[in-house]
Amino acid sequence: MKSNEETLPDVLEEQVPQQVPQQAPLPADQPIRVPLYRRDLKPTNLVLSAEDLKEFCELLVEVNEKAKEIEYSRLDLSTFDSPEHAKSRVNELVPIEYNYVAGNGDSMQGLGIPKTDERAFPDDLRSLFASNAAYAERAINLRPLNTVEVFLCFEKPSLKIDLQTLPSNPTENRSVINVAGRDEGWVISTAQKIDDFFTKRKAARPIIHGSGAYDYIIYLAFLPAVIWLFYRYAAPVSGWLEQQTVFLNVFLGIYGLLLSLLFARFLFQYARWLFPPMEYYKRNRLGAFLHRSIAAIFATGVCISATYDFVKAIFASLVQ
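Numbering (the numbering used here), first residue to last: 8 to 327.
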(Lines of atoms letter the chains of each structure in order from A and count residues from 1; the text may use other names and numbers.)
(Lines give C-alpha, C1' and ligand atoms only; values in the text may rest on other atoms or scores of the structure.)
Protein backbone atom coordinates (compact mmCIF):
# COMPACT_ATOMS: atom_id res chain seq x y z
CA MET A 1 0.00 0.00 0.00
CA LYS A 2 1.01 3.62 -0.54
CA SER A 3 -0.43 7.02 0.08
CA ASN A 4 -3.61 8.39 -1.50
CA GLU A 5 -1.87 8.49 -4.89
CA GLU A 6 -0.56 4.90 -4.57
CA THR A 7 -3.43 2.90 -3.14
CA LEU A 8 -4.42 -0.71 -3.19
CA PRO A 9 -5.73 -2.13 -6.48
CA ASP A 10 -9.36 -1.37 -7.00
CA VAL A 11 -11.69 -4.12 -5.74
CA LEU A 12 -15.05 -4.12 -7.46
CA GLU A 13 -18.10 -5.24 -5.50
CA GLU A 14 -20.37 -7.94 -6.83
CA GLN A 15 -22.84 -6.73 -9.42
CA VAL A 16 -25.83 -8.51 -10.88
CA PRO A 17 -24.93 -9.00 -14.52
CA GLN A 18 -27.43 -7.76 -17.03
CA GLN A 19 -28.91 -10.23 -19.45
CA VAL A 20 -26.84 -10.15 -22.63
CA PRO A 21 -26.60 -12.57 -25.53
CA GLN A 22 -24.28 -15.47 -24.80
CA GLN A 23 -22.37 -14.72 -27.98
CA ALA A 24 -21.27 -11.30 -26.70
CA PRO A 25 -17.66 -11.59 -25.46
CA LEU A 26 -16.46 -9.96 -22.25
CA PRO A 27 -14.72 -6.63 -22.98
CA ALA A 28 -10.97 -6.99 -22.81
CA ASP A 29 -10.54 -3.98 -20.53
CA GLN A 30 -13.15 -5.15 -17.96
CA PRO A 31 -11.53 -6.67 -14.82
CA ILE A 32 -12.55 -10.09 -13.60
CA ARG A 33 -14.95 -9.87 -10.67
CA VAL A 34 -13.95 -11.93 -7.65
CA PRO A 35 -16.80 -13.33 -5.51
CA LEU A 36 -17.41 -11.77 -2.11
CA TYR A 37 -17.96 -14.34 0.64
CA ARG A 38 -19.84 -13.30 3.76
CA ARG A 39 -20.84 -14.65 7.17
CA ASP A 40 -23.11 -12.69 9.53
CA LEU A 41 -23.19 -13.67 13.21
CA LYS A 42 -25.66 -12.38 15.80
CA PRO A 43 -24.30 -13.19 19.26
CA THR A 44 -26.77 -13.39 22.14
CA ASN A 45 -27.12 -14.89 25.64
CA LEU A 46 -23.51 -14.00 26.44
CA VAL A 47 -21.88 -13.00 29.73
CA LEU A 48 -18.58 -11.28 28.99
CA SER A 49 -16.04 -9.79 31.38
CA ALA A 50 -13.48 -7.11 30.61
CA GLU A 51 -10.85 -9.83 30.22
CA ASP A 52 -13.12 -11.69 27.80
CA LEU A 53 -13.35 -8.58 25.64
CA LYS A 54 -9.57 -8.24 25.72
CA GLU A 55 -9.16 -11.87 24.62
CA PHE A 56 -11.73 -11.31 21.89
CA CYS A 57 -9.78 -8.32 20.54
CA GLU A 58 -6.63 -10.46 20.64
CA LEU A 59 -8.50 -13.02 18.51
CA LEU A 60 -9.44 -10.28 16.04
CA VAL A 61 -5.79 -9.19 15.84
CA GLU A 62 -4.79 -12.81 15.17
CA VAL A 63 -7.23 -13.30 12.27
CA ASN A 64 -6.33 -9.85 10.95
CA GLU A 65 -2.68 -10.93 10.62
CA LYS A 66 -3.79 -13.60 8.18
CA ALA A 67 -5.93 -11.02 6.37
CA LYS A 68 -2.87 -8.77 6.00
CA GLU A 69 -0.85 -11.65 4.56
CA ILE A 70 -3.55 -12.21 1.93
CA GLU A 71 -3.65 -8.47 1.26
CA TYR A 72 0.11 -8.38 0.73
CA SER A 73 0.05 -11.39 -1.60
CA ARG A 74 -2.45 -9.63 -3.91
CA LEU A 75 -0.45 -6.41 -4.25
CA ASP A 76 1.44 -5.35 -7.35
CA LEU A 77 4.90 -4.96 -5.80
CA SER A 78 6.15 -3.07 -8.82
CA THR A 79 4.21 -0.02 -7.61
CA PHE A 80 6.20 0.07 -4.34
CA ASP A 81 9.78 0.98 -3.59
CA SER A 82 10.45 -2.45 -2.06
CA PRO A 83 8.61 -5.46 -0.60
CA GLU A 84 9.34 -4.11 2.88
CA HIS A 85 7.67 -0.84 1.95
CA ALA A 86 4.58 -2.73 0.75
CA LYS A 87 4.41 -4.71 4.01
CA SER A 88 4.75 -1.59 6.12
CA ARG A 89 1.89 0.07 4.22
CA VAL A 90 -0.35 -2.97 4.75
CA ASN A 91 0.47 -3.02 8.47
CA GLU A 92 -0.15 0.71 8.67
CA LEU A 93 -3.50 0.75 6.89
CA VAL A 94 -5.08 -2.53 8.04
CA PRO A 95 -4.97 -2.52 11.86
CA ILE A 96 -7.76 -3.47 14.26
CA GLU A 97 -9.48 -0.27 15.36
CA TYR A 98 -11.79 -0.30 18.40
CA ASN A 99 -14.26 2.13 19.89
CA TYR A 100 -16.18 1.64 23.12
CA VAL A 101 -18.87 3.75 24.78
CA ALA A 102 -19.57 4.02 28.52
CA GLY A 103 -22.94 4.40 30.17
CA ASN A 104 -22.47 8.16 30.62
CA GLY A 105 -21.85 8.63 26.88
CA ASP A 106 -18.05 8.93 27.03
CA SER A 107 -16.22 7.03 24.29
CA MET A 108 -12.68 5.87 23.63
CA GLN A 109 -11.09 5.04 20.28
CA GLY A 110 -7.80 3.29 19.63
CA LEU A 111 -5.83 0.75 17.61
CA GLY A 112 -4.99 -2.80 18.57
CA ILE A 113 -6.18 -4.22 21.89
CA PRO A 114 -7.93 -2.07 24.54
CA LYS A 115 -6.28 -1.96 27.97
CA THR A 116 -9.15 -3.33 29.98
CA ASP A 117 -7.21 -3.42 33.26
CA GLU A 118 -6.78 0.34 33.37
CA ARG A 119 -9.08 2.84 35.03
CA ALA A 120 -10.09 4.24 31.65
CA PHE A 121 -12.05 1.11 30.75
CA PRO A 122 -15.63 1.68 31.98
CA ASP A 123 -17.45 -0.32 34.61
CA ASP A 124 -20.75 0.30 32.79
CA LEU A 125 -19.81 -0.51 29.21
CA ARG A 126 -22.61 0.23 26.75
CA SER A 127 -21.12 -0.97 23.46
CA LEU A 128 -17.90 -2.10 21.79
CA PHE A 129 -17.05 -1.70 18.09
CA ALA A 130 -14.01 -3.24 16.41
CA SER A 131 -13.04 -3.38 12.74
CA ASN A 132 -10.05 -3.91 10.48
CA ALA A 133 -11.65 -1.86 7.69
CA ALA A 134 -12.56 1.42 9.42
CA TYR A 135 -9.03 2.86 9.43
CA ALA A 136 -8.32 2.13 5.74
CA GLU A 137 -11.69 3.53 4.68
CA ARG A 138 -10.99 6.74 6.56
CA ALA A 139 -7.38 7.05 5.38
CA ILE A 140 -7.54 6.09 1.69
CA ASN A 141 -11.27 5.46 1.10
CA LEU A 142 -10.69 1.77 0.33
CA ARG A 143 -11.67 -1.42 2.14
CA PRO A 144 -9.27 -4.35 2.61
CA LEU A 145 -9.96 -7.52 0.66
CA ASN A 146 -11.00 -9.39 3.84
CA THR A 147 -12.81 -7.59 6.65
CA VAL A 148 -14.24 -8.32 10.07
CA GLU A 149 -16.50 -5.81 11.81
CA VAL A 150 -17.93 -6.31 15.29
CA PHE A 151 -20.56 -4.44 17.25
CA LEU A 152 -21.43 -5.74 20.73
CA CYS A 153 -24.29 -3.96 22.50
CA PHE A 154 -24.66 -4.35 26.28
CA GLU A 155 -27.61 -2.01 26.82
CA LYS A 156 -30.31 -3.48 29.04
CA PRO A 157 -33.94 -3.62 27.85
CA SER A 158 -35.89 -0.55 28.87
CA LEU A 159 -38.25 -0.53 31.84
CA LYS A 160 -40.33 2.23 30.27
CA ILE A 161 -43.83 1.21 29.23
CA ASP A 162 -45.14 2.76 26.03
CA LEU A 163 -47.63 1.85 23.30
CA GLN A 164 -45.04 1.85 20.52
CA THR A 165 -43.02 -1.07 21.91
CA LEU A 166 -44.91 -4.36 21.76
CA PRO A 167 -43.98 -6.75 24.58
CA SER A 168 -44.78 -9.70 22.29
CA ASN A 169 -41.79 -8.82 20.09
CA PRO A 170 -38.44 -10.45 20.91
CA THR A 171 -35.96 -8.44 22.94
CA GLU A 172 -33.98 -6.16 20.66
CA ASN A 173 -30.38 -7.26 20.34
CA ARG A 174 -28.28 -4.97 18.13
CA SER A 175 -25.11 -7.04 18.47
CA VAL A 176 -23.83 -8.21 15.10
CA ILE A 177 -20.58 -9.47 13.58
CA ASN A 178 -19.92 -9.23 9.83
CA VAL A 179 -17.14 -11.30 8.27
CA ALA A 180 -16.65 -10.74 4.55
CA GLY A 181 -13.86 -11.20 2.09
CA ARG A 182 -12.51 -12.40 -1.23
CA ASP A 183 -10.84 -15.42 0.38
CA GLU A 184 -13.43 -18.07 1.23
CA GLY A 185 -11.13 -20.00 3.54
CA TRP A 186 -10.36 -16.90 5.61
CA VAL A 187 -14.05 -16.00 5.94
CA ILE A 188 -15.06 -19.50 7.06
CA SER A 189 -12.17 -19.95 9.52
CA THR A 190 -12.63 -16.47 11.02
CA ALA A 191 -16.36 -16.94 11.54
CA GLN A 192 -15.74 -20.36 13.10
CA LYS A 193 -13.14 -19.03 15.53
CA ILE A 194 -15.45 -16.21 16.65
CA ASP A 195 -18.38 -18.61 17.03
CA ASP A 196 -16.26 -21.02 19.12
CA PHE A 197 -15.11 -18.14 21.32
CA PHE A 198 -18.67 -17.08 22.10
CA THR A 199 -19.98 -20.63 22.49
CA LYS A 200 -17.72 -21.10 25.52
CA ARG A 201 -19.25 -18.01 27.13
CA LYS A 202 -22.91 -18.79 26.54
CA ALA A 203 -25.22 -18.29 29.51
CA ALA A 204 -28.62 -19.79 30.23
CA ARG A 205 -31.32 -17.17 29.80
CA PRO A 206 -35.08 -17.41 30.41
CA ILE A 207 -37.45 -17.78 27.47
CA ILE A 208 -38.78 -14.28 28.14
CA HIS A 209 -36.62 -12.82 25.34
CA GLY A 210 -38.32 -14.84 22.62
CA SER A 211 -41.15 -13.77 20.35
CA GLY A 212 -44.60 -14.36 21.84
CA ALA A 213 -43.33 -15.13 25.36
CA TYR A 214 -45.43 -12.29 26.79
CA ASP A 215 -48.65 -13.68 25.27
CA TYR A 216 -48.07 -17.18 26.64
CA ILE A 217 -47.33 -15.86 30.12
CA ILE A 218 -50.42 -13.62 30.14
CA TYR A 219 -52.95 -16.16 28.85
CA LEU A 220 -51.58 -19.33 30.45
CA ALA A 221 -50.33 -18.01 33.79
CA PHE A 222 -51.19 -14.43 34.71
CA LEU A 223 -54.91 -14.20 33.83
CA PRO A 224 -55.73 -17.56 35.49
CA ALA A 225 -53.81 -16.36 38.56
CA VAL A 226 -55.82 -13.08 38.63
CA ILE A 227 -59.12 -14.97 38.36
CA TRP A 228 -58.07 -17.32 41.13
CA LEU A 229 -56.95 -14.49 43.42
CA PHE A 230 -60.23 -12.64 42.92
CA TYR A 231 -62.20 -15.79 43.62
CA ARG A 232 -60.10 -16.56 46.70
CA TYR A 233 -59.64 -13.17 48.35
CA ALA A 234 -62.29 -10.80 46.96
CA ALA A 235 -65.05 -11.75 49.44
CA PRO A 236 -64.87 -8.40 51.35
CA VAL A 237 -65.08 -6.47 48.08
CA SER A 238 -67.87 -8.60 46.60
CA GLY A 239 -70.36 -7.44 49.22
CA TRP A 240 -69.70 -3.82 48.40
CA LEU A 241 -69.88 -4.44 44.64
CA GLU A 242 -73.31 -6.06 44.96
CA GLN A 243 -74.66 -2.76 46.27
CA GLN A 244 -73.41 -0.78 43.27
CA THR A 245 -74.89 -0.31 39.81
CA VAL A 246 -74.18 -2.63 36.92
CA PHE A 247 -72.37 0.16 35.07
CA LEU A 248 -70.01 0.78 37.98
CA ASN A 249 -69.30 -2.95 38.35
CA VAL A 250 -68.48 -3.27 34.65
CA PHE A 251 -66.34 -0.12 34.72
CA LEU A 252 -64.39 -1.29 37.80
CA GLY A 253 -63.97 -4.76 36.32
CA ILE A 254 -62.52 -3.45 33.05
CA TYR A 255 -60.33 -0.93 34.86
CA GLY A 256 -59.06 -3.57 37.28
CA LEU A 257 -58.24 -5.92 34.39
CA LEU A 258 -56.35 -3.20 32.50
CA LEU A 259 -54.48 -2.21 35.65
CA SER A 260 -53.48 -5.82 36.31
CA LEU A 261 -52.26 -6.16 32.70
CA LEU A 262 -50.19 -2.99 33.13
CA PHE A 263 -48.65 -4.46 36.28
CA ALA A 264 -47.98 -7.75 34.46
CA ARG A 265 -46.21 -5.92 31.64
CA PHE A 266 -43.98 -4.09 34.11
CA LEU A 267 -43.05 -7.39 35.77
CA PHE A 268 -42.32 -8.89 32.35
CA GLN A 269 -40.07 -6.00 31.29
CA TYR A 270 -38.40 -6.08 34.70
CA ALA A 271 -37.57 -9.76 34.16
CA ARG A 272 -36.08 -8.94 30.76
CA TRP A 273 -34.08 -6.11 32.32
CA LEU A 274 -32.88 -8.38 35.11
CA PHE A 275 -31.64 -11.05 32.66
CA PRO A 276 -30.41 -9.09 29.59
CA PRO A 277 -29.47 -11.01 26.42
CA MET A 278 -25.96 -9.51 26.49
CA GLU A 279 -24.31 -8.94 29.88
CA TYR A 280 -21.00 -7.27 30.69
CA TYR A 281 -19.11 -6.99 33.96
CA LYS A 282 -15.65 -5.61 34.66
CA ARG A 283 -14.53 -7.42 37.81
CA ASN A 284 -17.27 -9.57 39.36
CA ARG A 285 -21.02 -10.18 39.16
CA LEU A 286 -21.77 -9.98 42.88
CA GLY A 287 -24.26 -7.11 42.53
CA ALA A 288 -26.18 -8.89 39.78
CA PHE A 289 -26.24 -12.14 41.77
CA LEU A 290 -27.61 -10.38 44.88
CA HIS A 291 -30.29 -8.58 42.89
CA ARG A 292 -31.39 -11.75 41.12
CA SER A 293 -31.31 -13.77 44.34
CA ILE A 294 -33.67 -11.35 46.08
CA ALA A 295 -36.03 -11.35 43.09
CA ALA A 296 -35.89 -15.16 42.88
CA ILE A 297 -36.66 -15.56 46.60
CA PHE A 298 -39.67 -13.24 46.33
CA ALA A 299 -40.98 -14.95 43.16
CA THR A 300 -40.47 -18.41 44.68
CA GLY A 301 -42.37 -17.40 47.81
CA VAL A 302 -45.31 -16.13 45.77
CA CYS A 303 -45.38 -19.27 43.61
CA ILE A 304 -45.20 -21.61 46.60
CA SER A 305 -47.99 -19.73 48.38
CA ALA A 306 -50.19 -19.77 45.27
CA THR A 307 -49.51 -23.46 44.66
CA TYR A 308 -50.33 -24.28 48.29
CA ASP A 309 -53.67 -22.43 48.13
CA PHE A 310 -54.49 -24.10 44.82
CA VAL A 311 -53.74 -27.63 46.06
CA LYS A 312 -55.57 -26.92 49.32
CA ALA A 313 -58.68 -25.78 47.44
CA ILE A 314 -58.63 -28.87 45.21
CA PHE A 315 -58.22 -31.15 48.20
CA ALA A 316 -61.08 -29.42 50.03
CA SER A 317 -63.39 -29.76 47.01
CA LEU A 318 -62.59 -33.48 46.73
CA VAL A 319 -63.24 -34.11 50.44
CA GLN A 320 -66.61 -32.38 50.29
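Note that the Cβ used here is the ideal one computed from N, Cα and C, for glycine as well.
Looking at the strands, I want to know which residues DSSP matches up with residue 111. Paired residue(s): none; residue 111 is not in a bridge.
Coil, strand or helix - residue 181 by DSSP: coil
Any idea which residues DSSP pairs residue 302 with across the strands? In DSSP, residue 302 forms no bridge with anything.
Closer than 6 Å by C-beta to residue 283: which residues in its own chain qualify, once you throw out the five before and the five after it? Chain order, please. 163, listed in sequence order.
Where the alpha helix (DSSP H) through residue 48 begins and ends: Residue 48 -> not in any alpha helix (DSSP H); beta strand (DSSP E) instead, spanning 44-48.
Look up residue 186 in the DSSP assignment and give the residues it is bridged to. 46, 155
Short of 7 Å in beta carbon distance, which residues of its chain neighbour residue 54, apart from the five on each side in sequence? Order them along the chain. Correct list, in chain order: 208, 210, 286.
Decide yes or no for the touch test of the region 240-255 against the region 132-140: beta carbon pairs closer than 8 Å, at least 3 of them. no
Take the Cβ of residue 148 as the centre, count every other Cβ of all protein chains shown within 10 Å, and call the residue buried at 16 or more, exposed below. Only exposed fits residue 148, as fewer than 16 other CB atoms lie within 10 angstroms of its CB.
Sequence-distant residues of the same chain with beta carbon closer than 6 Å to residue 47, five excluded per side: 185
Considering only C-alpha positions, which residue in the set 43, 300, 118, 58 is nearest to residue 104? Closest by alpha carbon: 118.
Which residues in the same chain have their Cβ closer than 8 Å to the Cβ of residue 336, if we skip the five residues on either side of it in sequence? This structure gives no information on residue 336, because the portion of the chain shown stretches from 8 to 327.
Can you tell which of 80, 319, 59 has the C-alpha that lies nearest to the C-alpha of residue 190? Residue 80 is the option with its Cα nearest to residue 190.
Helix or strand or just coil, what does DSSP make of residue 162? coil
Are residue 50 and residue 205 close, meaning C-beta to C-beta below 9 Å? yes
Within 9 Å, strictly: CB atoms of residue 239 and residue 320: It is a contact, given that the beta carbons lie within the stated cut-off.
Return helix, strand or coil for residue 141, following the three-state DSSP convention. helix
Backbone CA spacing between residue 300 and residue 216 [nearest angstrom]: The alpha-carbon of residue 300 is positioned some 20 Å away from that of residue 216.
Residues of its chain near residue 129, where Cβ-Cβ distance is below 6 Å and the 5 sequence neighbours each way are ignored: Answer for residue 129: 109, listed in chain order.
Taking contact to mean at least 3 C-beta pairs separated by less than 8 Å, is the region 224-234 in contact with the region 71-89? Cβ pair count under 8 Å is below three, so no.
Going by CA-CA distance only, name the one from 42, 61, 70 that's closest to residue 200. 70
Could you check where the alpha helix (DSSP H) with residue 101 kicks off and where it finishes? Neither: residue 101 is in no alpha helix (DSSP H) and is coded neither H nor E.
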